[in-house]
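Notes follow once the structure below has been shown.
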Amino acid sequence: MTSSPAPAARLARPLIELREVEKYYGDYYALRKITTDIREGEFFSLLGPSGCGKTTLLRCIAGFEEISGGHLSIDGKDMEDVPANKRPTNMVFQSYAIFPHLTVEENVGFGLRRDPSSKEDKARRVAEALEMVGLKGFGKRAAHALSGGQRQRVALARALILKPRVLLLDEPLSALDKKMREQMQSELRKLQRQVGITFILVTHDQEEALIMSDRIAVMFEGEIAQLDSPERLYRRPISRKVAEFIGIMNFLPARVLSTGPQIALDVAGLGQIAIDAEQCPGTPRTGDASVGFRPETMTVLYEGDPEPSRGKVAQGTVEEVVYFGDMSYYEVRLEGVEKPVQISMRNVVGRPVLLRGSRTRIAWEAGALVLFCEPKA
Amino acid sequence: MRGRGFQIYAICYLIFLYAPIALLPIFAFNNSTVISFPLSGFTTQWFSQLWTDTSLLLAVKHSLIVAVSVSILATCFGVFAARATTRYAFPMKQGLMGMIMLPLVLPDIIIAVSLLVVLMQMGASLSILTVILGHTLIATPFTIAILNSAFQSLDKSLEEAAIDLGETPASTFRLIILPLVMPGIISSLLIAFSISLDEYIIAAFLSGTEATLPVYIFAQFRFPNKVPVIMALGTILVCLSITLLTIAEYFRRRGIAKAGGKDTGGFL
Amino acid sequence: MKRRSFLRSEAGHGLLMLSPTALYATIVMAAPLVAVFVFSFMTPGYLKVVWTFTLNNYAKVFSSPIYTALLGRSLLTSGVVTAVTVLTAFPIAYFISFYVSPARKSLWLFLITIPFWTSYLIRVFLWKVILGYNGVINSAFLGLGIIHEPMTFLLYNMNSVVITLAHSYAPFAILPIFVALEKIDRSLLEAGQDLGESRFMTFIRVTLPLAMSGVVASVLIVFIPTAGDYVTPTLVGGANGQMIANVIQLQYFKLGDYPMGSAVSITAMAVVTAVALIFVFLNRRFLRGPK
Ligand SMILES: Nc1ncnc2c1ncn2[C@@H]1O[C@H](COP(=O)(O)OP(=O)(O)OP(=O)(O)O)[C@@H](O)[C@H]1O
Ligand SMILES: [Mg+2]
């Protein structure tokens, strides 16, 4: 394997272009005019709740489903009349689809049947592929005598040996236990960097998507709600729905007083503040809105703690404490706000966890807030 | 003990099921032309007489030709039907499958006479060819039942994986589906063979002058002195059937095990 | 939406795939059945059909006592056969499903199916040997001194037909019931007992209704073909055990009267189908009733 070229050069060009791609199952509208680009060499994830159309989109790219409308091209070539076996994509199936009547070697080398290269060359490539996924020496095993994790690796080797332009993975880790899953997450990520092939991963596990991806498309009901890097997705979710799907976000009712490069707000529990326009992912509007913040962006202050040098302080009461070993989760009722907010803090030696009912000060920063100006549902 | 009563009943039932077959070898080796007790001594003469009976050998030849053709034809039809029902959804599926499976309940005599009148009307002459037509019809529902379970335990993503790796639908069928359902196909071939080998009514109506084995046997029942020879023949046939069925059952189970499925029961 | 031709669609593929088998069944079974139906309204001629429409054949079927008597006897015989077969089969299916360990179930099913696949003709003939005047039963009982002269009610009447057919169709009756019993979630039965029902009442209120679909399938799969059986009445039925298939065979083969044979066949099929449908209907009513 050659080391990958500089990311900047590779990330420039779209490898897969989706233009208003639609899919109907009978009357059911499964994909609703999806338009997006997937770049060469990136680790792209499709994230969304069950039934939102992730698998459908993946299968449309692979060619197992015909799209009902729009255009799909890979590498600049329209895919309309290209069947699945002629597309430069390979797939790792959720069930792995390891051929039970073949050995590990025969499975991995399956796609090389039509390859004109010599027998020795093929055998070498199979051995290389097996080594790459950490299955050196397993070649002669019967496929049904493998563990879940090993099947997963065989499926990967089998797909990667053909050097596809795109590797499609449909919830490849969902059948594994937690430990194995975490191990495979980092291995997959490393493997993708190593081979430099575009990976499209379907998952409904937001943590998995955040850990592994260059970019994540969050899907709801057949539409892409937001497509961004993990960090932006986490810090600047485009809507409350996306925010709630990715991690935990607290919401406080707010009023937008004025807009401009700086937005003036009156936030329940926090008072009158000004934030950057950049902190509102939609179009800011005066009137009722809500403000969100992640649990770790606020800090519960102990008695006698100095005021933070940056940021501000609000008053509140601890309603509930959940001790998590390295972390503690507090539910704090801010003054003037009905619903308690969640705050998470790293535990520090020598500082006991606060008790329920204690009155406390909360340190916060305006820069951590996100403004949502969407009409109420 | 729980189920003791059931167990005794089940054993009595098995005795009832096997009683006639158990008598076969007894009379086949009995040195008397009268089929009754008490027995009168051991002989193998009935078996040796089998080899000298030319009309019997001819009937065996006819039966083998018919049974082999039927097993191949019915299994092919079974593969098409089982693949279609397990893999695709399409209009009129229920109705068409109902029609195809109908011979399972339709009395054989109805099938025999309806085919007979049509063939006569068309001026076709009766031969083992016409028997093959009828036997294929009645064996197909059985092959479908067997092949359905074989095709059902196939994971659809296996086919997709093969397509994804560059194979065409045809080569996918050859490389993936066929090997995985092969045990089912073998067991279907054997079952169809057994059904055809054993079938009398359709053969009687449609064979014309080319008698098959059951037609020959039925004719011999009219001659009491021929009965011991038939007993000997029956003994051989029973051994043959049991061997074929055991092989078929072996392949059926192996097929299920191969596809990682769970065994749910017998042939039907 | 893009349009694809029907043959390239899923449904098209499926139909295309099924078409050889469906076509074969249509040509070799459905079309001849239709032909028989048409023939039954035509005028008889020896070994051929005269193409003039008539209802005479049906008139003969319903007016002549021989046909109605044979039809009645066929229905009665196969009714009794069905009752005997299904009632004796149920405990076997129950035993295999509930008492045999899962690993041995296949073996039991295999043992039950084997006799079914071994030469049908010879099996039927052997019942003649077992039940006959000099048969196994009579000679055994005589030898043991239980009886002093051979029993004659065993062979050449409805008894022997019923015994032989019950024997032939045993696996047909056992397997559907077994499949239905296997599908019953065992925790339902525990729930039944948990809710205070005795074992027996749990069987009546839970197991039996759930197994009913299998019983219905058994009844139909035994009743319909036995009504048209030919070999058994011919070999062990004697003069008083003849059934409708014998007269159909006679019409076609011996008399060469195709229209008459067709009319008898069609009538027999219609009557058997009607009886089967009535049974299914009554069963539905009965099952829905107590709820
Ligand atoms: N072959 C099909 N026929 C009809 N409807 C389908 C078909 N396949 C999927 N659907 C429907 O399309 C919608 C999207 O399905 P899809 O499998 O893409 O969901 P998903 O996002 O992958 O969900 P999951 O996380 O549960 O796998 C679902 O509502 C599903 O019921
Ligand atoms: Mg999915």
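Chains as they are written, first to last, in my numbering: chain A, 1 to 377; chain B, 1001 to 1268; chain C, 2001 to 2291. Don't be surprised by glycine CBs; every beta carbon is placed ideally from N, CA and C. Since the model is a prediction, treat every value here as computed from it, not as a measurement.
If you run the structure through DSSP and keep just helix, strand and coil, what is residue i?
i: residue 15 of chain A; result: strand
i: residue 1205 of chain B; result: helix
i: residue 1009 of chain B; result: helix
i: residue 285 of chain A; result: coil
i: residue 214 of chain A; result: coil
i: residue 1027 of chain B; result: helix
i: residue 2275 of chain C; result: helix
i: residue 292 of chain A; result: strand
i: residue 1135 of chain B; result: helix
i: residue 135 of chain A; result: coil
i: residue 1033 of chain B; result: coil
i: residue 2286 of chain C; result: helix
i: residue 2053 of chain C; result: strand
i: residue 1176 of chain B; result: helix
i: residue 2172 of chain C; result: helix
i: residue 94 of chain A; result: coil
i: residue 161 of chain A; result: coil
i: residue 4 of chain A; result: The predicted position of residue 4 of chain A is uncertain, since its pLDDT is 47 and thus under 50; no value can be drawn from it.
i: residue 77 of chain A; result: strand
i: residue 2156 of chain C; result: coil
i: residue 2129 of chain C; result: helix
i: residue 325 of chain A; result: coil
Who pairs with residue i in a beta bridge, going by DSSP?
i: residue 318 of chain A; result: A:332
i: residue 363 of chain A; result: A:299 and A:313
i: residue 176 of chain A; result: BP columns for residue 176 of chain A are empty, so no partner.
i: residue 2296 of chain C; result: Residue 2296 of chain C is absent from the model: chain C starts at 2001 and stops at 2291.
i: residue 2138 of chain C; result: In DSSP, residue 2138 of chain C forms no bridge with anything.
i: residue 2265 of chain C; result: Residue 2265 of chain C is not bridged to any residue.
i: residue 71 of chain A; result: A:19
i: residue 2231 of chain C; result: Answer by DSSP bridge pairing: none, since residue 2231 of chain C is not bridged.
i: residue 45 of chain A; result: A:201 and A:216
i: residue 142 of chain A; result: A:103
For residue i, return the contacting residues in chain C, with the cut-off set at a CB-CB distance below 8 Å.
i: residue 1253 of chain B; result: 2106
i: residue 1091 of chain B; result: 2011 and 2015
i: residue 1140 of chain B; result: 2021, 2024 and 2025
i: residue 1116 of chain B; result: 2252
Could you work out which residues of chain C lie near residue i, taking near to mean beta carbons separated by less than 9 Å?
i: residue 1242 of chain B; result: 2114, 2117 and 2118
i: residue 1128 of chain B; result: Chain C residues near residue 1128 of chain B: none, gap ~15 Å exceeds 9 Å.
Anything in chain A within Cβ reach of residue i, meaning under 9 Å, just list it in chain order.
i: residue 1160 of chain B; result: 59, 62, 64, 84, 91, 93 and 97
Taking residue i as the query, report the chain B residues whose CB atoms sit under 8 Å from its CB, ordered along the chain.
i: residue 162 of chain A; result: 1165 and 1166
i: residue 2325 of chain C; result: No statement about residue 2325 of chain C is possible, as the shown extent of chain C runs from 2001 to 2291 and does not include it.
i: residue 2280 of chain C; result: Near residue 2280 of chain C there are no residues of chain B at all, since even the closest Cβ is about 13 Å away, more than 8 Å.
Give the residues of chain A in contact with residue i, contact being defined as C-beta atoms less than 7 Å apart.
i: residue 1157 of chain B; result: 93, 95 and 97
What residues of chain B sit near residue i, judged by a beta carbon separation below 9 Å?
i: residue 2020 of chain C; result: 1076, 1077, 1080 and 1081
i: residue 2130 of chain C; result: 1019, 1020 and 1023
Check the Cβ of residue i against every Cβ in chain B and list those closer than 7 Å, keeping chain order.
i: residue 2121 of chain C; result: 1200, 1214, 1217 and 1218
i: residue 2261 of chain C; result: 1113
Does any residue of chain F have a CB that is nearer than 8 Å to the CB of residue i?
i: residue 1121 of chain B; result: Absence of chain F from the displayed structure is noted, the protein chains being A, B and C.
>> Please list, in chain order, the residues of the region 1015-1039 of chain B that have any C-beta partner in chain C closer than 8 Å.
In response: 1016, 1017, 1018, 1019, 1020, 1021, 1023, 1024, 1027, 1034, 1035, 1036, 1037 and 1038
> For the region 1163-1184 of chain B, which residues have a CB atom closer than 7 Å to at least one CB atom of chain A, in sequence order?
Replying inline: 1163, 1164, 1165, 1166, 1167, 1168, 1176, 1179 and 1180
> In chain order, what residues of the region 98-119 of chain A put their CB closer than 7 Å to some CB of chain B?
Replying inline: 99, 100, 101, 110, 111 and 114
> Taking any Cβ of chain B, which residues in the region 2242-2259 of chain C have a Cβ under 8 Å from it, in chain order?
Replying inline: 2245, 2248, 2249, 2252, 2253 and 2258
> If you measure beta-carbon to beta-carbon, which residues of the region 2144-2161 of chain C are closer than 9 Å to chain B?
Replying inline: none
> Relative to chain B, which residues along the region 158-190 of chain A have a C-beta separation below 8 Å, given in chain order?
Replying inline: 158, 159 and 162
>> What are the residues in the region 2070-2094 of chain C lying within 8 Å of chain B by C-beta distance?
In response: 2088, 2091, 2092 and 2094
> Which residues, in chain order, does the region 2183-2208 of chain C contribute to contact with chain B at a C-beta distance below 9 Å?
Replying inline: none
> Unbroken beta strand (DSSP E) runs of length 3 or more, entirely within the region 1037-1078 of chain B: which are they?
Replying inline: none
>> Please give me, in chain order, every unbroken run of the beta strand (DSSP E) with length at least 3 that falls completely inside the region 184-232 of chain A.
In response: 198-203, 215-220 and 223-228
> Quick one: complete beta strand (DSSP E) runs, 3+ long, within the region 2016-2051 of chain C?
Replying inline: 2042-2045
> Can you list the alpha helix (DSSP H) stretches of 4 or more residues lying completely in the region 1121-1170 of chain B, in chain order?
Replying inline: 1128-1152 and 1156-1164
> Counting only runs that start and end within the region 1195-1244 of chain B, where is the alpha helix (DSSP H) found for 4 or more residues in a row?
Replying inline: 1201-1206 and 1213-1220
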